[in-house]
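Trainee:
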Amino acid sequence: MPGWLRLLLTRQMLICVFTGFSSGLPLYLLLNLLPAWLRSEGVNLKTIGFFALIQFPYTWKFLWSPLLDRYRLPLGRRRGWMLLSQLGLLFCIGLLGGFSPGSDLVPVIWLSVVLAFLSATQDVALDAFRREILSDQELGLGNSVHVNAYRIAGLVPGSLSLILADLLPWSQVFWITAAFMLPGMVMVLVVREPAVLGVPKTLRQAVVEPFHEFIGRQGWRGAMLVLGFIFLYKLGDSLATALATPFYLDLGYSKTDIGVIAKHAGLWPAVFGGLLGGLWMVRLGINRALWLFGIVQMVTILGFAWLAWHGVQSPVDAADRVALAAVIAAECLGVGLGTAAFVAFIARATNPAFTATQFALFTSLAAVPRTFINATAGALVESMGWISFFLLCFVLAAPGMLLLLKVAPWNEIRSSPQG
Numbered sequence: 458m459p460g461w462l463r464l465l466l467t468r469q470m471l472i473c474v475f476t477g478f479s480s481g482l483p484l485y486l487l488l489n490l491l492p493a494w495l496r497s498e499g500v501n502l503k504t505i506g507f508f509a510l511i512q513f514p515y516t517w518k519f520l521w522s523p524l525l526d527r528y529r530l531p532l533g534r535r536r537g538w539m540l541l542s543q544l545g546l547l548f549c550i551g552l553l554g555g556f557s558p559g560s561d562l563v564p565v566i567w568l569s570v571v572l573a574f575l576s577a578t579q580d581v582a583l584d585a586f587r588r589e590i591l592s593d594q595e596l597g598l599g600n601s602v603h604v605n606a607y608r609i610a611g612l613v614p615g616s617l618s619l620i621l622a623d624l625l626p627w628s629q630v631f632w633i634t635a636a637f638m639l640p641g642m643v644m645v646l647v648v649r650e651p652a653v654l655g656v657p658k659t660l661r662q663a664v665v666e667p668f669h670e671f672i673g674r675q676g677w678r679g680a681m682l683v684l685g686f687i688f689l690y691k692l693g694d695s696l697a698t699a700l701a702t703p704f705y706l707d708l709g710y711s712k713t714d715i716g717v718i719a720k721h722a723g724l725w726p727a728v729f730g731g732l733l734g735g736l737w738m739v740r741l742g743i744n745r746a747l748w749l750f751g752i753v754q755m756v757t758i759l760g761f762a763w764l765a766w767h768g769v770q771s772p773v774d775a776a777d778r779v780a781l782a783a784v785i786a787a788e789c790l791g792v793g794l795g796t797a798a799f800v801a802f803i804a805r806a807t808n809p810a811f812t813a814t815q816f817a818l819f820t821s822l823a824a825v826p827r828t829f830i831n832a833t834a835g836a837l838v839e840s841m842g843w844i845s846f847f848l849l850c851f852v853l854a855a856p857g858m859l860l861l862l863k864v865a866p867w868n869e870i871r872s873s874p875q876g
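For what it's worth, my numbering labels the leading residue of the sequence shown as 458, then goes sequentially.
As structure tokens, then:
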């Protein structure tokens, strides 16, 4: 058996498949299915853009993450919180399709916020669980597998659900989508609870110590540089894809075109890039991977600007579909590579003794662009046009790359902090 295949075929990597799928499904529902649903129901682009604000729980999850470090539910400190949040997500997703955005926009907003809160809570538990079952040597590959499964989960709300929406009422589409939370729930029931590493004895300890340890280890200047990098590294890419589905619809592609072509053309290159990135990180190290993969991630944003300039025929022909597939495949290959290195960097920056809170802090910061800055995407497109918008996204990707000089120098090798 090849060495690279032996690395992938382990129990830990299989668990990472399930954690990634469970984590990705609700987020991609908010990113892909919700905007498509709103747009098809006649909601304007500016309103859809501001819908990104409902994702604010992803940026604030570090506020309640100490509760997950401190309190143990019946199934365990990690498994209990995972299952509780997954049950809530299943019902929230199913109930969402019972409303009409045209007449029930306020209930849709509130239910979407609850969905985002449960999804963010699930992420806190899943990230901590994954960090605790992976050794330092498995971090790069394990997080790549997680990210790939995360992206594969996007096939459900971003492809299957869109295709079904042309055939079934939206209420049925959302319940079918909700059913895909079940595999993650089964995984929670069959895995073992990770070994306990210094469980906080008080809520105050669970809140204060993770931040004290991180700043003490990095120093104030180093901590601010790391946090700044986490905020900026995915900024350009995140903004570029904020209104991807409405962009394809505005170009003239049908929902079936998007479901069959765009999503598959994006998914498989991202999966390939993520797995390739994880295996390369074993040799390259996380620092060099951040450099190389980040450059690819940045350059491929320009493909969207070209697609907007190129336009499409009416009706859409085969050449238009090939152009769409090629641009998205290139961009998602870069994103797959960049995300694999980025998530591994975040995991490496955590101390196993404070996994949930530190991981939540870092991923919350990484979600800020997706939530607040992406909320301006609709207004930016309406004022600038699609071409200028994508060129702006390319420029915004540069500051994160420059910070690599400080937080991940090319020739420096860093080890994970130990609890």
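Where a beta carbon is used, it is the ideal one built from N, C-alpha and C, also for glycine.
#1: Under a Cβ-count criterion, where at least 16 other Cβ atoms within 10 Å of its own Cβ denotes burial, should residue 560 be classed as buried or exposed?
#2: For residue 569, count neighbouring Cβ atoms within 10 angstroms of its own Cβ and tell me buried if that reaches 16, exposed if not.
#3: Output yes or no for whether 8 Å exceeds the beta carbon distance between residue 667 and residue 492.
#4: Taking DSSP as the reference, what is the three-state secondary structure of residue 676?
#5: What's the gap between the Cα of residue 613 and the Cα of residue 637?
#6: Give the C-beta separation of residue 534 and residue 656 to the nearest angstrom, bearing in mind that I take them to be a contact with Cβ-Cβ under 8 Å.
#7: Considering only residues of the same chain and omitting the five flanking positions on each side of residue 475, which have a CB-CB separation below 6 Å?
#8: Kindly indicate which three-state DSSP category residue 530 falls into: helix, strand or coil?
#9: Could you spell out the range, first to last residue, of the alpha helix (DSSP H) harbouring residue 744?
#10: In the structure shown, what three-state DSSP assignment does residue 656 receive?
#11: Just checking my contact of residue 551 with residue 494 at CB under 8 Å: how many whole Å lie between their CB atoms?
#12: With the cut-off set at 8 Å, would you say residue 700 and residue 838 are in Cβ contact?
#13: Closest to residue 490 by CA distance: which of 473, 604, 617 is it?
#14: Going by alpha carbons, who is nearest to residue 684 out of 511, 856, 791, 835?
#15: Taking the alpha carbon of residue 505 as the point to measure from, which residue in 762, 558, 594, 664 has its own alpha carbon closest?
#16: Below 6 Å CB to CB, which residues in the same chain sit around residue 511 once its five sequence neighbours on both sides are set aside?
#17: Just to check my reading of the structure: residue 603 and residue 793 have Cβ atoms closer than 8 Å, yes? What is that Cβ distance to the nearest angstrom?
#18: Hey, how far is the Cα of residue 514 from the Cα of residue 577?
#19: Since residue 581 contacts residue 525 with CB under 8 Å, what's their CB separation in whole angstroms?
#20: Alpha carbon to alpha carbon, how far is residue 488 from residue 842? Give it in angstroms, no decimals.
#21: Let me know the secondary structure DSSP gives residue 518 once reduced to three states.
#22: Whose C-alpha, out of 556, 724, 689, 539, is nearest the C-alpha of residue 646?
#23: Are residue 585 and residue 813 close, meaning C-beta to C-beta below 8 Å?
Mentor: Taking the coordinates as given:
#1: Along the sequence shown, one-based indexing puts residue 560 at 103. Exposed is the call here.
#2: Working through the sequence shown from its first residue, we reach residue 569 at position 112. The residue in question, residue 569, is buried, as its Cβ has 16 or more Cβ neighbours within 10 Å.
#3: Taking the first residue of the sequence shown as 1, we reach residue 667 at position 210. Taking the first residue of the sequence shown as 1, we reach residue 492 at position 35. Going by C-beta atoms, residue 667 is not nearer than 8 Å to residue 492.
#4: Reading the sequence shown from its first residue, position 219 is the one you call residue 676. Helix, per DSSP.
#5: Taking the sequence shown and counting its residues from 1, one reaches residue 613 at position 156. Taking the sequence shown and counting its residues from 1, one reaches residue 637 at position 180. One C-alpha to the other measures close to 8 Å.
#6: Along the sequence shown, read from residue 1 onward, the residue named residue 534 stands at position 77. Along the sequence shown, read from residue 1 onward, the residue named residue 656 stands at position 199. So it is a contact: roughly 7 Å between Cβ atoms.
#7: The count along the sequence shown starts at 1 and reaches residue 475 at position 18. If we look at residue 475 and ignore the five residues flanking it on each side, its Cβ neighbours are 641, 644.
#8: As a first step, residue 530 is located in the sequence shown; it is residue number 73 there, counting from the start. Strand.
#9: What you label residue 744 is simply residue 287 of the sequence shown in a count that begins at 1. Note, residue 744: alpha helix (DSSP H), 743-756.
#10: Sequence index remark: in the sequence shown, residue 656 carries index 199 (1-based). Of the three classes helix, strand and coil, the one that applies to residue 656 here is coil, per DSSP.
#11: On the sequence shown, residue 551 is found 94 positions in, with the first residue counted as 1. On the sequence shown, residue 494 is found 37 positions in, with the first residue counted as 1. Residue 551 to residue 494, Cβ: 14 Å. No contact.
#12: For the purposes of this step, residue 700 is identified with residue 243 of the sequence shown, where counting begins at 1. For the purposes of this step, residue 838 is identified with residue 381 of the sequence shown, where counting begins at 1. Contact flag set, yes.
#13: Start at 1 with the first residue of the sequence shown, and residue 490 comes out as number 33. For residue 490, the nearest C-alpha among the options comes from 617.
#14: Here residue 684 corresponds to residue number 227 of the sequence shown, with the count starting at 1. Taking only the C-alpha atoms, the option nearest residue 684 is 856.
#15: Here residue 505 refers to the residue found at position 48 when the sequence shown is read from its first residue. The shortest Cα separation from residue 505 among 762, 558, 594, 664 belongs to 558.
#16: Looking up residue 511 in the sequence shown gives position 54. The residues are 569, 570, 573.
#17: For the purposes of this step, residue 603 is taken as residue 146 along the sequence shown, with counting starting at 1. For the purposes of this step, residue 793 is taken as residue 336 along the sequence shown, with counting starting at 1. Contact flag wrong, Cβ pair sits at about 12 Å.
#18: Taking the first residue of the sequence shown as position 1, residue 514 is located at position 57. Taking the first residue of the sequence shown as position 1, residue 577 is located at position 120. Approximately 6 Å between the Cα atoms of the pair.
#19: Position 124 of the sequence shown, counting from 1, holds the residue named residue 581. Position 68 of the sequence shown, counting from 1, holds the residue named residue 525. 5 Å between Cβ atoms; contact.
#20: In the sequence shown, residue 842 corresponds to position 385, counting from 1. In the sequence shown, residue 488 corresponds to position 31, counting from 1. Rounded to the nearest angstrom, the two C-alpha atoms are 21 Å apart.
#21: If you number the sequence shown from 1, residue 518 lands on position 61. Note: residue 518 maps to helix in three-state DSSP.
#22: Stepping through the sequence shown from its first residue, residue 646 is reached at position 189. When each option's Cα is compared against that of residue 646, the closest is 539.
#23: Working through the sequence shown from its first residue, we reach residue 585 at position 128. Working through the sequence shown from its first residue, we reach residue 813 at position 356. Yes. Within cutoff.
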